Structures are given as structure tokens and as C-alpha cells.
Amino acid sequence: MSPRQLNFLSAFSLSVAIAIVYHQAWGIALALPVLPSEGMGTGTMAASASINLFQAFILGFIQGATEFLPISSTAHLKAVPMALGWGDPGVAFTAIIQLGSIAAVLWYFWGDLTAITKGIIKAIQTRQYDSLEFKLGLGIGLGTIPIVFFGLLMKVLVPDLDNSPFRSLPTIAIASIVMALLLALAEKLGTHRRPFEKLRWQDGLVMGIAQALALVPGVSRSGSTLTAGLFINLERAAAARFSFLLGIPAITIAGLVELKGVMDQHLGNDAILPLVVGTISSAIFSYLAIAWLIKFLQKRSTWIFVWYRLIFGIVILLTLAMGTRA
Numbered sequence: 007m008s009p010r011q012l013n014f015l016s017a018f019s020l021s022v023a024i025a026i027v028y029h030q031a032w033g034i035a036l037a038l039p040v041l042p043s044e045g046m047g048t049g050t051m052a053a054s055a056s057i058n059l060f061q062a063f064i065l066g067f068i069q070g071a072t073e074f075l076p077i078s079s080t081a082h083l084k085a086v087p088m089a090l091g092w093g094d095p096g097v098a099f100t101a102i103i104q105l106g107s108i109a110a111v112l113w114y115f116w117g118d119l120t121a122i123t124k125g126i127i128k129a130i131q132t133r134q135y136d137s138l139e140f141k142l143g144l145g146i147g148l149g150t151i152p153i154v155f156f157g158l159l160m161k162v163l164v165p166d167l168d169n170s171p172f173r174s175l176p177t178i179a180i181a182s183i184v185m186a187l188l189l190a191l192a193e194k195l196g197t198h199r200r201p202f203e204k205l206r207w208q209d210g211l212v213m214g215i216a217q218a219l220a221l222v223p224g225v226s227r228s229g230s231t232l233t234a235g236l237f238i239n240l241e242r243a244a245a246a247r248f249s250f251l252l253g254i255p256a257i258t259i260a261g262l263v264e265l266k267g268v269m270d271q272h273l274g275n276d277a278i279l280p281l282v283v284g285t286i287s288s289a290i291f292s293y294l295a296i297a298w299l300i301k302f303l304q305k306r307s308t309w310i311f312v313w314y315r316l317i318f319g320i321v322i323l324l325t326l327a328m329g330t331r332a
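Oh and the sequence shown: position 150 is 156 in this note's numbering, straight run, nothing missing.
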């Protein structure tokens with residue numbers, strides 16, 4: 007990483023962290039109200055009504071860019087709006103615009119998904135299970151089980167999950183640092199030589215277990231699965247591609263579950279247009295992020311993400327510590 011890139015990441019992380027802690031420590035009134043709602047944690051559709059079109063576009067950009075880059079969308083959707091003084095956009099708004107990311111990943115990988123589906127059907131009909139498509143389908147299916155199981159378990163064991171310390175800034179910071187170190191270790195130890203065509207169904211299970219770690223805010227679903235892929239010696243671009251395919255069921259299930267909760271609320275007319283703008287923005291930037299990351303990893307390593315996550319986490323912890331002493 008060049009000194010210019012490192013300086014930029016340091017400055018960005020510092021500015022975001024200071025702004026977040028400043029708002030939280032001193033309780034400054036935020037532009038976007040966050041209202042409690044039964045079953046929704048923080049934020050309701052009433053809160054989303056306060057989001058203007060520009061804010062909706064930027065929030066869609068944040069969702070789209072960070073959902074598929076290995077830097078955690080959960081952390082950035084909480085951190086960046088608070089740093090800008092907009093407040094937490096709320097679970098309801100982020101659940102809706104996440105549908106844009108779902109549409110984007112389905113759009114980008116539609117050909118792969120069609121081929122996998124046909125391959126599974128053909129394998130069952132002919133009883134020949136050695137095709138790549140069948141192995142991919144089986145791997146995706148098995149790899150989705152861990153995050154669904156632990157997600158349901160967490161809902162049961164952790165009351166009011168959205169407002170629990172489990173989703174606090176220290177948790178996000180520590181998770182960011184730990185995942186940065188693990189990604190660095192994967193870069194050092196992995197051979198990065200196994201191509202996409204050599205994927206096995208067992209790889210789906212390994213990366214699926216890693217995907218379950220993304221239930222911890224700040225871990226990043228794409229970051230954990232990409233790290234696991236590098237540990238099992240996949241090429242970087244192959245690991246990213248399979249990470250996206252593996253994430254389709256998990257992202258879709260999470261989005262639909264949150265959407266169900268949102269639909270139980272009354273959606274005001276003044277909230278519809280910002281939601282539409284945010285969802286379209288999310289879809290566009292999600293698609294661009296997927297395409298960019300796969301192309302980027304064909305020629306480069308993940309070290310820029312290692313440094314970004316490390317700096318981001320450390321600066322948040324240091325700033326929180328200074329705010330506590332103050």
C-alpha cells in the first residue's frame with residue numbers, strides 16, 4: 007500500500023470515528039429521529055420519512071458499496087450516517103434498501119445461477135454428481151445452514167438484539183481489527199492458486215461456517231467468506247466469486263425477514279420516494295462493487311482492505327477511550 011493510500015484510510019477512519027463518538031458521548035441532537043418500534047429495534051418507517059432524497063441516495067451508495075466489499079456494511083451504515091449528523095437510519099430503512107443489493111447480485115450472477123440450477127436437475131436425473139454445477143449448488147445449500155441456524159439461535163438467546171451491547175461500537179471496532187488480522191494471515195499462508203473450476207462442495211461448508219461469523223457486527227459477510235476462501239488456497243477472484251454466490255440465500259433470507267417486519271408498519275407517502283431512491287442507488291452500486299472487486303482481485307491482493315479495517319477499528323477504540331476519559 008502506498009503512503010498516500012494509507013494516509014487517506016487513516017484520515018477517513020479518524021474522521022468517522024471522532025464524529026461517531028462525539029455524537030454518542032455528548033448526546034447531540036441528530037437530524038434523523040430514531041423511534042422505537044415493536045420487533046424492529048431502532049428506527050421505523052416514521053424515521054425514514056425524515057430522510058431526504060440526497061441522504062437516501064448516499065445511504066444506498068453505502069449499502070451497495072460495503073455489502074460486497076470485505077469491510078462490513080453493518081458497521082458503515084451505522085458509522086457514516088452518524089458521522090454526517092444524520093443519525094441511525096434505522097433497521098426498517100436499511101432492510102428495504104438491502105433489496106437493491108439482492109437484486110444486483112441476482113442480476114450479476116443470473117447466468118451462474120441458471121447453470122447451477124440446470125446442473126443440479128441434470129445430476130439428479132442422471133445420478134451423476136461430479137459436475138461443477140452440482141458441487142456448487144450443494145456447497146451453497148450446505149453453506150447457508152450455519153448462518154441460518156446461528157441467526158435464529160441469536161434471536162432467541164439475545165433479547166432486543168438491535169439495541170444490545172453486541173451491536174455496539176466497541177464490538178464493531180474489535181471485530182474489524184480481528185478480521186483484519188485474519189485476512190492478513192490468510193494472505194500470508196494461502197497459496198491462492200486453486201481456480202473456480204476446482205471448487206468442491208466441502209468448500210461451501212467451510213466458507214458457510216465462516217459466513218456465520220458475520221452475525222457479529224463489523225465482521226462482514228463477504229470479508230469472512232473471502233478470508234476462509236484464501237485459507238483454503240482459492241484464487242482471490244475465485245474466492246470472491248463463490249463468496250457472492252454463497253451469500254445470495256443468506257442476504258435474501260435476511261432481507262425478506264426484515265421486510266416482513268417493515269410491512270407490518272404503516273408506510274407514509276412521504277417515505278416512499280426516499281425508499282425508492284435508496285433501493286435503486288443500492289442496486290446500482292452493489293452491481294458496480296461486485297464487478298469491481300472481482301476484477302480487482304484478479305490482479306491484486308486484499309492488503310488494502312486489511313489496512314482499512316485495522317485502522318478503522320483501532321481509531322474507533324482510541325477515540326472511545328479518549329471520550330471516556332474526557
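Cβ coordinates follow ideal geometry from the N, Cα and C atoms, glycine included.
Quantities reported herein were computed from a predicted structural model and do not represent experimental measurements.
By DSSP, does R133 sit in helix, in strand, or in coil? Counted from its first residue, the sequence shown places residue 133 at position 127. Three-state DSSP puts R133 in coil, outside helix and strand.
Can you tell me whether T100 is buried or exposed, with buried defined as 16 or more other CB within 10 angstroms of its CB? One-based indexing of the sequence shown puts residue 100 at position 94. Burial state of T100 is buried, judged by a 10 Å Cβ sphere holding 16 or more other Cβ atoms.
What residues match up with L240 in a beta bridge as DSSP calls it? Numbered from its first residue, the sequence shown carries residue 240 at position 234. Paired residues: R200.
Less than 8 Å between the beta carbons of L232 and A245, yes or no? Here residue 232 refers to the residue found at position 226 of the sequence shown. Here residue 245 refers to the residue found at position 239 of the sequence shown. By the CB criterion at 8 Å, L232 and A245 fall inside the cutoff.
With 16 other CB atoms within 10 Å as the buried threshold, where does K84 fall? In the sequence shown, the residue the question calls residue 84 occupies position 78. K84 comes out buried.
Would you say the region 122-133 touches the region 305-319, given that touching needs at least three Cβ pairs under 8 Å? Contact between the region 122-133 and the region 305-319 is absent, because fewer than three Cβ pairs lie under 8 Å.
Starting from F172, follow the alpha helix (DSSP H) in both directions and report where the run begins and ends. Along the sequence shown, read from residue 1 onward, the residue named residue 172 stands at position 166. Neither: F172 is in no alpha helix (DSSP H) and is coded neither H nor E.
Would you kindly check if the distance between the Cβ of L251 and the Cβ of L142 is under 8 Å? Residue mapping note: residue 142 aligns to position 136 of the sequence shown, counting from 1. Residue mapping note: residue 251 aligns to position 245 of the sequence shown, counting from 1. Result yes, Cβ atoms of L142 and L251 sit closer than 8 Å.
Could you name the residues of the same chain whose beta carbon sits closer than 6 Å to that of R218, not counting the 5 residues immediately before and after it, in chain order? For the purposes of this step, residue 218 is identified with residue 212 of the sequence shown, where counting begins at 1. The amino acid at residue 218 is misidentified as Arg; the sequence shows Ala. Hits under 6 Å: P152, I153 and F156.
If you follow the alpha helix (DSSP H) that S107 is in, where does it begin and where does it stop? In the sequence shown, counting from the first residue as 1, residue 107 sits at position 101. Judged by DSSP secondary structure, S107 falls within the alpha helix (DSSP H) whose first and last residues are V97 to Y114.
Using only alpha-carbon positions, find the residue among R315, I102 and R206 that is nearest to L360. There is simply no residue 360 to check, as the chain begins at 7 and stops at 332 in what is shown.
Assuming contact is defined by CB atoms lying nearer than 8 Å, are G229 and F248 in contact in what I supplied? Locating residue 229 in the sequence shown gives position 223, where the first residue counts as 1. Locating residue 248 in the sequence shown gives position 242, where the first residue counts as 1. In this structure, G229 lies away from F248, with their beta-carbon atoms at least 8 Å apart.
Look up G66 in the DSSP assignment and say whether it is helix, strand or coil. Counting from 1 along the sequence shown, the entry for residue 66 is found at position 60. Residue state, collapsed to three classes: helix.
Assuming L175 contacts T285 under a Cβ cut-off of 8 Å, what Cβ separation, rounded to an integer in Å, is found between them? One-based indexing of the sequence shown puts residue 175 at position 169. One-based indexing of the sequence shown puts residue 285 at position 279. About 27 Å separates the Cβ atoms of L175 and T285, ruling out a contact at the 8 Å cut-off.
Neighbourhood of S287 by C-beta, 6 Å cutoff - its chain only, sequence neighbours within 5 removed: Position 281 of the sequence shown, counted from the first residue, corresponds to residue 287. Here the set comprises F63, G66 and F67.
Please tell me whether L299 and F74 are closer than 8 Å, where the distance is taken between their beta carbons. Locating residue 299 in the sequence shown gives position 293, counting from the first residue. Locating residue 74 in the sequence shown gives position 68, counting from the first residue. Cβ atoms of L299 and F74: closer than 8 Å.
Can the beta-carbon of A297 be found closer than 8 Å to that of Y135? As a position in the sequence shown, residue 297 is number 291, starting the count at 1. As a position in the sequence shown, residue 135 is number 129, starting the count at 1. The answer is no: Cβ separation not under 8 Å.
So, S182 versus G70, is the Cβ gap smaller than 8 Å? The count along the sequence shown starts at 1 and reaches residue 182 at position 176. The count along the sequence shown starts at 1 and reaches residue 70 at position 64. Cβ distance not < 8 Å, so S182 and G70 don't count as in contact.
Kindly indicate which three-state DSSP category W92 falls into: helix, strand or coil? If you number the sequence shown from 1, residue 92 lands on position 86. Coil, per DSSP.
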